[in-house]
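Encoded as structure tokens, the structure appears first; notes follow it.
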Amino acid sequence: MQEIIRDILAGNTNRFREIVSKYSDDLLRVAYHFARNWDDAREWTQITFVKCFENLRRYDPQRPFAPWLYRIHVNVCKSHARRAKRYESLTEGAINLHSAPHSETQVDESERIHAQIARLPLKQRTAFILIEIEGMSSAEAAFAMGCKDSTARVHLARAKDTLRKQLTDMGIGNDTLL
Amino acid sequence: MTRYSEFKTSQIKLVPPSNLRTELERQVMRDIDALPARHRRRRLLIATGAGVCAALLFLVLAPLRKPPTMAGGDFIESVVIMEDHVFIWLEPATSKSVTKHD
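Here the protein sequences come in this chain order: H and R. For the first sequence, the numbering used here begins at 584 and goes up steadily by one. For the second sequence, the numbering used here begins at 208 and goes up steadily by one.
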């Protein structure tokens, strides 16, 4: 990876394609957990890669590349998710007026779990996505979130608590893994 | 396996659509190629903005500046001839002290 980065900084921008190929799946998946649709996930991941390219000179080659990239990505996702939430709350009333009401049975169970995750506060949601779903260690997630290891673990514990209650109420919870 | 576990497994195994990956790669490389032009445009915009601000500042502040003083207009010339001596002196026009000369 260091060699690729050296080449890119030397002017061979075509080698950035290798970074995109290597990390696109992981970043798209993380973005999808925030956005809950692939179009936004693609757009946010695209922004992350461009930001990464623009700031490549600031990257410290002594440290691993992936956590640095994830840090940019998490910031992009969080800021866009915040904006999307504001937009949703603004348009919620209008959408409710025009869309037919869905019954509980019509909604896919997986979607209901997703909806509960989406309701978590942003920091808790980030910790939950990175550690619980993406399988990162709390130290890696903490670096990506720009906080202490212990703080990331606290956010995760709170997220799990909230989800456990909500999913139990929905009859989905009671899971030892959660 | 509980329903939450099933959900979690499905999320871990989640794979983005392949056309999305191709599209992403294409867009990212296109954006990167366009970056120098974008930076040039940004620099040009900043320079133009700074120029416009400086011009506006000049236009706003110019009337407030004191006009340059004319040497002759600000002094009163006095001439007195006494016998074979001619005394000429200049007094500031704003001076409050008035000297009487008979």
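Beta carbons are placed, not taken as given, at the ideal position from N, Cα and C, and that holds for glycine.
Check, Outcome
"Establish whether the CB of L221/R and some CB of chain H are separated by less than 7 angstroms.", "yes"
"So, is the C-beta of V235/R closer than 7 angstroms to a C-beta in chain H?", "yes"
"Can you give me the C-alpha to C-alpha distance between P299/R and I288/R, rounded to a whole angstrom?", "21 angstroms"
"For L297/R, does the three-state DSSP call read helix, strand or coil?", "strand"
"Identify whether M728/H lies in helix, strand or coil by the three-state DSSP scheme.", "helix"
"Is the stretch 737-756 of chain H close to the stretch 592-602 of chain H, with three or more CB pairs under 8 angstroms?", "no"
"At a Cβ threshold of 7 angstroms, is R245/R touching chain H?", "no"
"Mapping the DSSP letters down to three states, classify E717/H as helix, strand or coil.", "coil"
"F214/R: which of F636/H, R612/H, H663/H and S693/H sits nearest, CA to CA?", "S693/H"
"Would T745/H and M728/H be called neighbours here (beta carbons separated by less than 7 angstroms)?", "no"
"Are the C-beta atoms of Q707/H and some chain R residue less than 7 angstroms apart?", "no"
"Of the choices Q585/H, G718/H, E723/H and H738/H, whose alpha-carbon is the least far from that of D643/H?", "Q585/H"
"Tell me where the alpha helix (DSSP H) around M236/R begins and ends.", "S225 to L268"
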